[in-house]
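Below: the structure, in structure tokens.
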Amino acid sequence: MAETDIGCGFIAVLFQRKAFKPRKVVHLQDSPQKNKQLTINSSKPTPLQKTIMPPNHLGAARKSTSQLTVPSGTHHQASTGNVMVLGNLNKQRSKSDQNAVVVKRNFTKKPSHQLGNILNGPINNRLTSQPDVLKSLGNEKYKQGKYEEALTLYDQAISIDPNEVCYYSNKAAALIGLGRLAEAVSQCKEAVRIDFSYHNAHCRLAKLYLRLGVAEKAVYHYKCSGRKASIEDIAKAINIKRCIEKASEAKDNGEWRKMVDESQIALSLGADSAPQIYAMKAEAMMKLHRHQEAYTVIQNMPHFDIELYAELLGSSATAVILQVRALVYTANGRFEDAVSDVGQALRLNSSDSMKLTAKKVKYAASARQNGNRLFKESRFSEALVAYRTGLEIDPYNSVLLCNRAACRFKLGQYEKAVEDCTSALLVRPSYGKARLRRANCYAQLEKWEATIEDYEALMREIPGDEEVRGALLEAKIQLSKMRNGHNLETDTISNLSSVSTDKDLTTIAGLSVVLFCSKMCSKKMVQLLEDVCLKFPSVNFLKVDIEEKPSLAKSECIKVIPMFRIYRNGSQVEEIGDNLERLESCIKSYCT
-1 MAETDIGCGF IAVLFQRKAF KPRKVVHLQD SPQKNKQLTI NSSKPTPLQK
49 TIMPPNHLGA ARKSTSQLTV PSGTHHQAST GNVMVLGNLN KQRSKSDQNA
99 VVVKRNFTKK PSHQLGNILN GPINNRLTSQ PDVLKSLGNE KYKQGKYEEA
149 LTLYDQAISI DPNEVCYYSN KAAALIGLGR LAEAVSQCKE AVRIDFSYHN
199 AHCRLAKLYL RLGVAEKAVY HYKCSGRKAS IEDIAKAINI KRCIEKASEA
249 KDNGEWRKMV DESQIALSLG ADSAPQIYAM KAEAMMKLHR HQEAYTVIQN
299 MPHFDIELYA ELLGSSATAV ILQVRALVYT ANGRFEDAVS DVGQALRLNS
349 SDSMKLTAKK VKYAASARQN GNRLFKESRF SEALVAYRTG LEIDPYNSVL
399 LCNRAACRFK LGQYEKAVED CTSALLVRPS YGKARLRRAN CYAQLEKWEA
449 TIEDYEALMR EIPGDEEVRG ALLEAKIQLS KMRNGHNLET DTISNLSSVS
499 TDKDLTTIAG LSVVLFCSKM CSKKMVQLLE DVCLKFPSVN FLKVDIEEKP
549 SLAKSECIKV IPMFRIYRNG SQVEEIGDNL ERLESCIKSY CT
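-1 is the number of the first residue of the sequence shown in our numbering; add one for each residue after it.
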């Protein structure tokens, strides 16, 4: 539909005046170089086709005035009604337009990726100045588990608008995702300071305090969080508070088992990131001389920043955590770490109790260092004295006990060395060095059953240790000689008697492996079977020399040697041949 150019104004549209003064019309053209040309036409208006104006040109058309620069240097002001953005009008221009003045304006086309989805493409500078956009981007990163990136975006939003409470609360959530709970507390506290009625921040702060074992504050902030907190949330915080109070009371009364129980309940109720509660449990374990368990508790304790926790819990409470950890480290041989912790504790709290702990830790560390130096110089008697001085102040220190046992072993004091090793193992049952040392002492005392028991325990802990494997085999050989007075080649490989009749095979309980062989192949096969024997201490391993027991070989129908057979409760269940790999695989299947 054709449309007549009648100038501007809503009234003109209504009344459709026929006579009017021609006005200059400005046409916007596309040049081949993508530059827009504004053509100012001073001729009579010509009928124009209805044109839809591009959205990116409407802004310029709606301005009240726009100053245009023409090549001659003169300026023309075009009112809104005089500017018609028509796109490419090359085909619609008449010959009367030759007197038109052409004005060129450059419009830089932005790459399409600059706009559109701001979450996927490069972030527009204008958008990044909007804190809510940054918050939304941070939320997306948070949902993806990219907490560091979310944290950066929340920080940027806060820097633009530091009074918006939700930015601090969201930043706290990102810090929680990174395990930085104490820092998250400070962000929630800032949100509450800005707007005390912001329930989200109160609720998040309460949950943080609960996890950190500050139960009293958790209860308070749950009550300030309106409907965000449930009755169950408040009840849980109250229960944790009671457990901590009971544990503290048990400590004052010396009820160490109760202290262990109450602190464990508090941890299981949700205070799983509270180092002070872990320290309470570890301290009680130490008092019960369960040093290995105390060390496990300390290992499971979350890492904490000393300065942040001193601000959160107070200097004295933080010093107690370091004090307990120093004692646990000392008892388990981490002397350097213990000295470092007790030094930090003294800086926070210089009480008499803390000074006494520092003296104990440093004295034990010095005794170990002096004793080790003397031992390396083969001055065993002096080294023994050095370790003993350390044990005077820390009598249950497993490392000092084990080291003194080493001195006594070198001095031939095997019985006393066994006593020291046993004392060390009572507080640290998995202390492998003490168990190995005790096994060696038992071997010197020819207590073979005790020797084998310790070596087998070591093999379960360190199955690939060839030295222990060889020592175990030697102990079994010596025990067999002591029991039966025979050579190994006519005896069993394990602690059982040799097989002499077919009745022996049918009466053996449990799982048994029997090697049928001759004297020629006996030594070689026995050596190969040693490794398999040590891997399965609960299995009976026996040997039958068919030259010495031909009737047994006949009754068992042995045609080929060497031959392995597996028996269970006296009944044959498998015939292997001489394949040791298959033998080991079959034993595993029958043992499971």
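Every residue, glycine too, gets a C-beta built ideally from N, C-alpha and C.
Asked                                                                                                                      : Found
Backbone secondary structure at G252 - three-state DSSP                                                                    : coil
Coarse secondary structure for Y429, derived from DSSP in three states                                                     : coil
8 Å contact criterion, which G369 and A384 should meet: CB distance rounded                                                : 4 Å
Rounded C-alpha distance that separates L424 from L540                                                                     : 36 Å
Cut-off 7 Å between Cβ atoms - residues of its own chain near I319, not counting five sequence neighbours on either side   : P273, Q274, A277
Residues that DSSP places opposite M561 in a beta bridge                                                                   : F514
Collapsed DSSP secondary structure at G369 in the structure displayed                                                      : helix
Residue nearest to S195 in terms of C-alpha spacing, selected from L179, M283, C164, R402                                  : C164
Residues bridged to Q570 (per DSSP)                                                                                        : Y565
Buried or exposed by the 16-neighbour rule on C-beta atoms within 10 Å, applied to Q321                                    : buried
Cα-Cα separation, S351 to Y207                                                                                             : 28 Å
Assigned exposure category for P615 - 16 Cβ within 10 Å defines buried                                                     : Residue 615 lies beyond the stretch modelled for the chain, which goes from -1 to 590, so this question has no answer here.
Cα-Cα separation between L346 and A182, rounded to whole angstroms                                                         : 23 Å
C-alpha distance - A172 paired with L179, whole-angstrom precision                                                         : 10 Å
First and last residue of the uninterrupted alpha helix (DSSP H) at V318                                                   : 313 to 329
Three-state class that DSSP yields for K541 in the structure shown                                                         : strand
Neighbourhood of V326 by C-beta distance below 6 Å, restricted to the same chain and skipping five residues each side      : A280, A292, Y293, I296
S349 - DSSP class collapsed to helix/strand/coil                                                                           : coil
Beta-carbon contacts of C186 that lie in its chain and below 6 Å, excluding the five residues immediately before and after : A170, A199, R202, L203
The segment 432 to 443 in contact with the segment 394 to 407 per 3-pair CB rule at 8 Å                                    : yes
Backbone CA spacing between T420 and A148 [nearest angstrom]                                                               : 54 Å
Three-way DSSP call (helix, strand, coil) for L470 in this model                                                           : helix
C-alpha distance - N567 paired with A422, whole-angstrom precision                                                         : 40 Å
Contact under 8 Å by Cβ, A329 with M284                                                                                    : yes
Cβ neighbour criterion (16 or more within 10 Å) applied to P129                                                            : buried
Contacting residues, own chain, Cβ-Cβ under 8 Å from R563 (five flanking each side not counted)                            : V511, V512, F514, E554, Q570, E572, E573, I574
In DSSP terms, what L509 is bridged to                                                                                     : R566
Distance between beta carbons of K244 and E230, contact taken as under 8 Å                                                 : Not confirmed; about 21 Å, so no contact.
DSSP-derived helix/strand/coil call for G575                                                                               : strand
Cβ-based burial, C558 [other Cβ within 10 Å; buried from 16]                                                               : In the sequence on display, residue 558 carries Val and not Cys. Exposed, because fewer than 16 other Cβ atoms sit within 10 Å of the Cβ of V558.
Same chain, Cβ closer than 8 Å to E582, neighbours up to 5 away in sequence not counted                                    : V530, K533
Sub-8 Å separation of R406 and D392 beta-carbons                                                                           : no
Backbone secondary structure at Q142 - three-state DSSP                                                                    : coil
Sequence-distant residues of the same chain with beta carbon closer than 6 Å to N54, five excluded per side                : The predicted model places N54 with a pLDDT of 40, which falls under 50 and marks its position as unreliable; any figure quoted below should be read in that light. Cβ within range, chain order: n/a, list empty.
Where T355 sits in the DSSP three-state scheme                                                                             : helix
Backbone secondary structure at G410 - three-state DSSP                                                                    : coil
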